[in-house]
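Residue numbers (the working numbering), protein chains in the order written: chain A, 1 to 199; chain B, 200 to 398.
One structure below.
Number of protein chains: 2
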Amino acid sequence: MQYPEPIAKLIESYMKLPGIGMKSATRMAFYTIDMDESDVTSFAKSLISAKRDLHYCSICGNITESDPCIICADKTRDRSKLIVVEQPRDVMSLEKMREYQGLYHVLHGVLSPIEGKGPDDLNITSLVKRLQNDEGIKEIILATNATPEGEATAMYISRLLKPAGIKTTRLAHGLSVGSDIEYADEMTLFKALEGRTEI
Amino acid sequence: MQYPEPIAKLIESYMKLPGIGMKSATRMAFYTIDMDESDVTSFAKSLISAKRDLHYCSICGNITESDPCIICADKTRDRSKLIVVEQPRDVMSLEKMREYQGLYHVLHGVLSPIEGKGPDDLNITSLVKRLQNDEGIKEIILATNATPEGEATAMYISRLLKPAGIKTTRLAHGLSVGSDIEYADEMTLFKALEGRTEI
Chain A
1 MQYPEPIAKL IESYMKLPGI GMKSATRMAF YTIDMDESDV TSFAKSLISA
51 KRDLHYCSIC GNITESDPCI ICADKTRDRS KLIVVEQPRD VMSLEKMREY
101 QGLYHVLHGV LSPIEGKGPD DLNITSLVKR LQNDEGIKEI ILATNATPEG
151 EATAMYISRL LKPAGIKTTR LAHGLSVGSD IEYADEMTLF KALEGRTEI
Chain B
200 MQYPEPIAKL IESYMKLPGI GMKSATRMAF YTIDMDESDV TSFAKSLISA
250 KRDLHYCSIC GNITESDPCI ICADKTRDRS KLIVVEQPRD VMSLEKMREY
300 QGLYHVLHGV LSPIEGKGPD DLNITSLVKR LQNDEGIKEI ILATNATPEG
350 EATAMYISRL LKPAGIKTTR LAHGLSVGSD IEYADEMTLF KALEGRTEI
């Protein structure tokens, strides 16, 4: 016996989401049937709306309803600094800090030979063009993840931008705030020691 | 800075699913934006369709497009046996075995004083009525989960049905096929020993 078609299709749809296998998808599908009709309808609408109404900003590549995005369009922001991140959600994390007032550039990925991702697959060309057209940017802060791919991508971009003579920095590596030295891995400890500051 | 509204709403919708927290929901929402438009549309349609086209069978409580469900409507099935399960997905698991040809009854939950679920919240009254109206059922197989709540529910139903004089059985407890004795818990080992069979 097969699942009735409507639920089989829903399971299939849930399985397309990242990290969702057959069992979770089945659980979610059965759960959906027991949800309020209004919740299911608004879920379906939000799916359609997220796909239809959201675009990537033509300047920075961040996710946005309007183009340019509200950060690029905001004249009060500090246009001398630009943070380069991997994903739109990294912009949100940095904005939550409420400390940084500069601009962003979203790469939409990292260099990854294993996945066959080269510089042309990332939003790098537009970054270079942006720097060529905009005289105001004085510092590029590379905020790719602290992973091998993130490091390689940061290194690649810093070398690419060197001839332009713009200051290029990288976020500091070290112990997470609130973490125990006992549980820190060797590489993090090494970076924390290397980057020690006078108090 | 807040997420753009379409994605904030989608994150909220994903968070209503079981086992999905803020981080997974955010990951799924951003993933959705990068999905093919056709996949997102069919996802939204399958949500609506699962909610609109699926109902509970008026006889057994299983999930179905037609009423009665294809199992209740199937005249070739053995109408002398009836398996009682907690959820519609348990019916699917038992059907996958391709061994059982009888009928089902879905309780839609278990007795749980902690969650304030009593006999009236389960599909029990209809089970009793079904047995009163149907003379053919000779055995009730209680296939609630092997959890304290599942056991208590099985016990409750078996006592409830005792006056009717119908044979009531419970699925066997023991070692899972392919499992190691070394890793089995004490209760399972105890049940396996208690229910040992001659070879």
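Built from N, CA and C at the ideal position, the CB exists for glycine as well.
Would you mind stating whether residue i and residue j have Cβ atoms separated by less than 8 Å?
i      : j      : result
A/T168 : A/L189 : no
A/A154 : A/T144 : yes
A/P6   : B/S292 : no
B/R278 : B/I356 : no
B/R232 : A/L54  : Just to set this straight, residue 232 of chain B is Ile in the shown sequence, not Arg. It is a contact, given that the beta carbons lie within the stated cut-off.
A/G102 : A/I83  : yes
B/V239 : A/K51  : yes
A/S13  : B/F242 : yes
A/A164 : A/L127 : no
B/I270 : B/Y303 : yes
B/G373 : B/G394 : yes
A/L10  : B/S245 : yes
A/I140 : A/L161 : yes
B/D320 : B/G308 : yes
Starting from the beta carbon of residue i, find every residue of chain A whose beta carbon is closer than 8 Å, and list them in chain order.
i      : result
B/Q286 : F30
B/S436 : Residue 436 of chain B falls outside the range modelled here, since chain B spans only 200 to 398, and no answer is possible.
Residues of chain A with a CB under 7 Å from the CB of residue i: which are they?
i      : result
B/D320 : Going along chain A, no residue has its Cβ under 7 Å from B/D320, so there is no contact; the nearest lies around 13 Å.
B/L216 : M28, Y31
B/Y202 : M92
B/I206 : A50, L54, I63
B/A243 : A44, L47, I48
B/L209 : S46, L47, A50
B/S212 : S42, F43, S46
Exposed or buried, what is residue i when buried is set at 16 or more other beta-carbons lying within 10 Å of its beta-carbon?
i      : result
B/D235 : exposed
A/E86  : buried
A/N62  : buried
A/D185 : exposed
B/G312 : The residue you asked about is not Gly; residue 312 of chain B is Pro in the sequence shown. Classification of B/P312: exposed, given that the 10 Å Cβ count is below 16.
B/T263 : buried
B/L306 : buried
A/I59  : buried
B/Y382 : exposed
B/R297 : exposed
A/V177 : exposed
B/D333 : exposed
B/D379 : exposed
B/Y230 : exposed
B/D289 : buried
Using a Cβ cut-off of 9 Å, pull out every chain B residue sitting near residue i, in sequence order please.
i      : result
A/E99  : Correct list: empty, because the minimum Cβ distance to chain B is about 12 Å.
A/S201 : Absent from the model: residue 201 of chain A. The displayed extent of chain A is 1 to 199, so no value can be given.
A/T41  : L246, I247, K250
Can you name the residues of chain B whose CB is closer than 7 Å to the CB of residue i?
i     : result
A/E37 : K250
A/S58 : Residues of chain B passing the Cβ test: none, with the nearest at roughly 15 Å.
Discussion item. With a threshold of 8 Å, are at least 3 pairs of Cβ atoms found where one atom belongs to the region 19-34 of chain A and the other to the region 218-226 of chain B?
Written reply: With a cut-off of 8 Å on Cβ pairs, the region 19-34 of chain A is in contact with the region 218-226 of chain B, counting three or more such pairs.
Worksheet item: Whole alpha helix (DSSP H) runs in the region 34-69 of chain A with 4 or more residues, listed along the chain?
Response: Whole alpha helix (DSSP H) segments, 4+ residues: 37-53.
Discussion item. Runs of 3 residues minimum, wholly inside the region 278-311 of chain B: which ones carry the beta strand (DSSP E) assignment?
Written reply: With a minimum length of 3 residues, the continuous beta strand (DSSP E) runs that stay inside the region 278-311 of chain B are 280-284, 302-305.
Fill in: Entirely enclosed beta strand (DSSP E) segments - the region 366-398 of chain B, minimum 3 residues
Restricting attention to beta strand (DSSP E) runs no shorter than 3 residues, the region 366-398 of chain B encloses them at 366-369, ordered along the chain.
Practice prompt. Could you tell me which uninterrupted beta strand (DSSP E) segments, each at least 3 residues in length, are contained entirely in the region 332-364 of chain B, listed from first to last along the chain?
Written response: With a minimum length of 3 residues, the continuous beta strand (DSSP E) runs that stay inside the region 332-364 of chain B are 338-341.
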